[in-house]
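See below for the structure under consideration.
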Amino acid sequence: NPPTECIPFKIPMKIVERILDERYAGDGTVHPSDHLLKLKELCELFKVAGLSRENVKKKLFPLSLKDKAKEWYELLDDPRHSKWKELESLFYSKFYHLHEVHRDRNFIYNFLPRDTESIAQAWERLKILLLKCPNHGLPEEIIVTNFYARLSSHYKDHLDACSGGSFTSKKVEANWDLLETIQPGLLP
């Protein structure tokens, strides 16, 4: 077999510095999803020829850890050969405790818009909960259906009108897209 060519890559030093400045310790002071979201955002600021975003995250992930979290990573069986989704899942299993996942899933499932919120404001607040708990396991259909069910009749009428009939009779993807397009301040 001919030798495989090793293609060098460069990750911008400013990105590496930011990652090293905000490493995750696994001590409960930073929510694990906040850490992974920050890593994802930093990885989206640049591209590396020959490396997928997933592989860039895999390369930067160990640099983003310290203390208990770094020890956990070093004890994994061959993490450099794992897929990013596997590492992410293992990370959540270790640092996002099951009782916290259940609590946050319940916040999502039982989400209640505030009386003073517009549809857009309530939807934005729900999406923040979804970002915080990416492993909630709830189908989009349940999320959208529960969101709609808990809106005031005025807002339900508005969504029905925007969807050209009954909001609940449309496909979940269409409803999700509609909720994404509603702008704050369009309704009282």
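For the sequence shown, the residue numbers in this note's numbering are 7 to 194.
In this text, a Cβ means the ideal position worked out from N, Cα and C, and glycines have one as well.
Inside the stretch 30-109, DSSP marks no whole beta strand (DSSP E) run of 3 or more residues.
For Cys168, the uninterrupted alpha helix (DSSP H) segment begins and ends at 159-168. Per DSSP, the continuous alpha helix (DSSP H) segment holding Gln127 begins and ends at 125-138. Lys162 and Tyr154 have their C-alpha atoms some 7 Å from each other. The continuous alpha helix (DSSP H) containing Asp27 extends over residues 19-27. Put simply, of Leu137, Ser169, Ser175 the residue whose alpha carbon is nearest the alpha carbon of His37 is Leu137.
Three or more beta-carbon pairs separated by less than 8 Å link the stretch 42-49 to the stretch 16-29, which places the two stretches in contact.
Under the three-pair Cβ rule at 8 Å, the stretch 72-87 does not count as touching the stretch 102-115.
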